[in-house]
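Residue 176 in our numbering is what sits at position 155 of the first sequence, and the numbering runs on without skipping anything.
Ideal Cβ placement from N, Cα and C applies to all residues, glycine included.
The structure under discussion appears below in the form of structure tokens.
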Amino acid sequence: MLQLQLLRQNPGQVKERLAIKHFAETGLVDSILSLDDQRKKLQLEFDTTQAKVNSTSKEIGALMAKGQKEEAEAKKQEVATLKSALQPINERLSVIEKQLQDELVKLPNLPSDKVPAGKTPADNIVIREGGHKPRLSKEALPHWDLIKKYDIVDFETGAKLTGSGFPLYKGKGAKLQRALVQYFLDFNTKAGYTEYLPPFMVNEASAFGTGQLPDKEGQMYYMPADNFYMIPTAEVPVTNIYRDEILKETDLPVKMTAYSPCFRREAGSFGKDVRGLNRVHQFEKVEIVQLVYPAKSYDVHEEMVAHVEKLLQTLELPYRVLNLCGGDMSFASALTYDFEVYSAAQERWLEVSSVSNFETYQTNRMKIRFKDEKGKTQLTHSLNGSSLALPRIVACLLENNQTPGGIKLPEILHPYFGGKLIN
RNA sequence: GGUGAGGUGGAUGAGUGGCUGAAAUCAACGGUUUGCUAAACCGUCGUACGUCCUUAAAGAUGUACCGAGGGUUCGAAUCCCUCCCUCACCGCCA
Numbered sequence: 022m023l024q025l026q027l028l029r030q031n032p033g034q035v036k037e038r039l040a041i042k043h044f045a046e047t048g049l050v051d052s053i054l055s056l057d058d059q060r061k062k063l064q065l066e067f068d069t070t071q072a073k074v075n076s077t078s079k080e081i082g083a084l085m086a087k088g089q090k091e092e093a094e095a096k097k098q099e100v101a102t103l104k105s106a107l108q109p110i111n112e113r114l115s116v117i118e119k120q121l122q123d124e125l126v127k128l129p130n131l132p133s134d135k136v137p138a139g140k141t142p143a144d145n146i147v148i149r150e151g152g153h154k155p156r157l158s159k160e161a162l163p164h165w166d167l168i169k170k171y172d173i174v175d176f177e178t179g180a181k182l183t184g185s186g187f188p189l190y191k192g193k194g195a196k197l198q199r200a201l202v203q204y205f206l207d208f209n210t211k212a213g214y215t216e217y218l219p220p221f222m223v224n225e226a227s228a229f230g231t232g233q234l235p236d237k238e239g240q241m242y243y244m245p246a247d248n249f250y251m252i253p254t255a256e257v258p259v260t261n262i263y264r265d266e267i268l269k270e271t272d273l274p275v276k277m278t279a280y281s282p283c284f285r286r287e288a289g290s291f292g293k294d295v296r297g298l299n300r301v302h303q304f305e306k307v308e309i310v311q312l313v314y315p316a317k318s319y320d321v322h323e324e325m326v327a328h329v330e331k332l333l334q335t336l337e338l339p340y341r342v343l344n345l346c347g348g349d350m351s352f353a354s355a356l357t358y359d360f361e362v363y364s365a366a367q368e369r370w371l372e373v374s375s376v377s378n379f380e381t382y383q384t385n386r387m388k389i390r391f392k393d394e395k396g397k398t399q400l401t402h403s404l405n406g407s408s409l410a411l412p413r414i415v416a417c418l419l420e421n422n423q424t425p426g427g428i429k430l431p432e433i434l435h436p437y438f439g440g441k442l443i444n
């Protein structure tokens, strides 16, 4: 949620920035400002009337104490009149406040000035590439065939148990999941992130806090009996840990990492994208989250990007880093770098991580603040990134490392996996 | 799931209708003093939204908030209702 103050101070600039995100309804900015004006007027009216009610009530108390009953009765009449005037004001005020909130929430975050113009994924800018694309033989198989060959993921039985997109990992496939999660968490905690294991369902307030609600309501699995949402990423519970808190400046940066399964309905997805492990409803992911001093957030963003990049390098996978253009980045983000790995048999790039700076967009919703050196409370910036999402990493590991003798795992995983080969 | 107790500022905790936005203690912060450390003393020490004033910072002032929402009353942290949460015991269970 954007800060109202920013809209008030510089509505023109806000509109310009929204245009880069290809956000069409710039009229919202004006309607929000006009609602805000109305709100302030009503509040002033309400406050002054209420102040009168309060002071008169005190007088009544004093008169009663002195036994001046008649005067007290007269004052009571006065208060009654004031209160009947107050009621409609109050009602209008809450209507306006709600409208204002509803409208404000519809505005996406402003892109930072590092965001390239552009509308579609084709306009994203490749910042750099790393690793080596393997040269596979003609008989090389895509991962969905390798999975069958080595009997490590059983989609059919997963579908029988739940539905399509719920893979059932088996044997070395299951163990590889465990190994990767373990390795990723170790890699993150070594870099100073505190490990959490959060709840996998969250309440409405948490889902709202990180921006899943109301924007992506249909993308989450929902448990109506308890009004809980299955988390689409550990970002949701982990960032919400500090919801409604005021930190000390010395507490910053807060660095957190968590493993969780992620549940996504992926409503509207179809086609070859969903083949095999490319797109599933439930997958494992390790996430990193930071809450930082505002002026430092872009440095931290670079640091997180470097962190994820190093992790991919240790996995010996060919990757590239993309700076997402205004039209392709997410609603809440100010700057997003995506990581893609090259899946050699499919001959396509697969997104495995997304590292974003949200500035105050999330923290304004969650009211995550800190006291600065002057003792003033201000919002922290929040950032997060995947480090990493498993299924596409697995797809890539399988395809790129296939040999006649089996899948050769990168060295770093050997101790975690308890072996070098899937065969 | 059942029964009981309870939810007050960073923490502990007082407060059963007006003098309470909230005592006291601790923690934290600033200062004074003491040859370091420690102690003592003084001061500061909630959030949000407004209004006035100011270039701004600061300041003054109003309103709301004592788990959440609603109600009673001229007036509610305090009384009533609903919900949520915590703790204890019981039941069930990984």
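Which residues mark the beginning and the end of the alpha helix (DSSP H) in which residue i is found?
i    : result
D51  : 48-87
K169 : 164-171
V100 : 90-125
K181 : 176-182
P258 : 256-261
Name the two residues that bound the continuous beta strand (DSSP E) containing residue i.
i    : result
M251 : 249-251
I428 : 427-429
G152 : Run containing G152: none; DSSP gives neither H nor E here.
K140 : It is not in any beta strand (DSSP E) - K140 carries neither H nor E in the DSSP assignment.
When DSSP labels each residue in this structure, what does residue i get in the three-state scheme?
i    : result
N378 : strand
D359 : strand
V342 : strand
N405 : strand
T215 : strand
D134 : coil
A279 : strand
T398 : strand
R29  : helix
S318 : helix
Q24  : coil
F438 : helix
M222 : strand
I309 : strand
A448 : Residue 448 is absent from the model: the chain starts at 22 and stops at 444.
M350 : coil
L189 : strand
L273 : coil
F229 : helix
M244 : strand
L268 : strand
K388 : coil
A161 : coil
G11  : What is shown of the chain runs 22 to 444, which leaves residue 11 out entirely.
L234 : coil
E2   : This structure cannot settle anything about residue 2, because the visible part of the chain is limited to 22 through 444.
L445 : This structure cannot settle anything about residue 445, because the visible part of the chain is limited to 22 through 444.
L419 : helix
D207 : helix
L128 : coil
Bridge partners of residue i, per DSSP?
i    : result
L371 : V362
A410 : K306
I41  : None, per the DSSP bridge assignment.
F284 : Q303
T424 : G427
I443 : I428
* Asked: Quick one: any contact between the stretch 165-172 and the stretch 375-391, if contact means 3 or more CB pairs under 8 Å?
  -> A contact between stretches requires three or more CB pairs, one per stretch, nearer than 8 Å, and the stretch 165-172 fails this requirement with the stretch 375-391.
* Asked: Below 8 Å, can you find three or more Cβ-Cβ pairs linking the stretch 307-318 to the stretch 357-372?
  -> As far as the Cβ criterion goes, the stretch 307-318 does not touch the stretch 357-372, which means the pair count is below three.
* Counting Cβ pairs, one atom from each stretch, are 3 or more of them under 8 Å apart for the stretch 116-136 and the stretch 37-55? -> Between the stretch 116-136 and the stretch 37-55 there are three or more inter-stretch CB-CB distances shorter than 8 Å, so the stretches are counted as touching.
* Asked: Do three or more CB pairs link the stretch 22-30 to the stretch 66-84 at distances below 8 Å?
  -> Taking a cut-off of 8 Å for Cβ pairs, the stretch 22-30 and the stretch 66-84 do not touch, as fewer than three such pairs fall below it.
* **Three-pair Cβ contact test at 8 Å for the stretch 325-333 versus the stretch 404-416** => Yes, the stretch 325-333 touches the stretch 404-416.
* Could you tell me whether the stretch 415-422 touches the stretch 273-280, where touching means 3 or more Cβ pairs closer than 8 Å? => The stretch 415-422 is not in contact with the stretch 273-280.
* Inter-stretch contact at 8 Å, needing at least 3 Cβ pairs: the stretch 356-364 / the stretch 175-191 -> Not touching, per the Cβ criterion.
* Do the stretch 312-322 and the stretch 333-344 touch if we need at least three Cβ pairs shorter than 8 Å? -> With the rule of 3 Cβ pairs closer than 8 Å, the stretch 312-322 does not count as touching the stretch 333-344.
* Validate contact between the stretch 336-351 and the stretch 107-114 using beta carbons, cut 8 Å, 3 pairs -> Judged by pairs of C-beta atoms under 8 Å, the stretch 336-351 does not touch the stretch 107-114, as fewer than three such pairs exist.
* Asked: Counting pairs of Cβ atoms below 8 Å between the stretch 263-271 and the stretch 235-250, do you hit three or more?
  -> No contact exists between the stretch 263-271 and the stretch 235-250.
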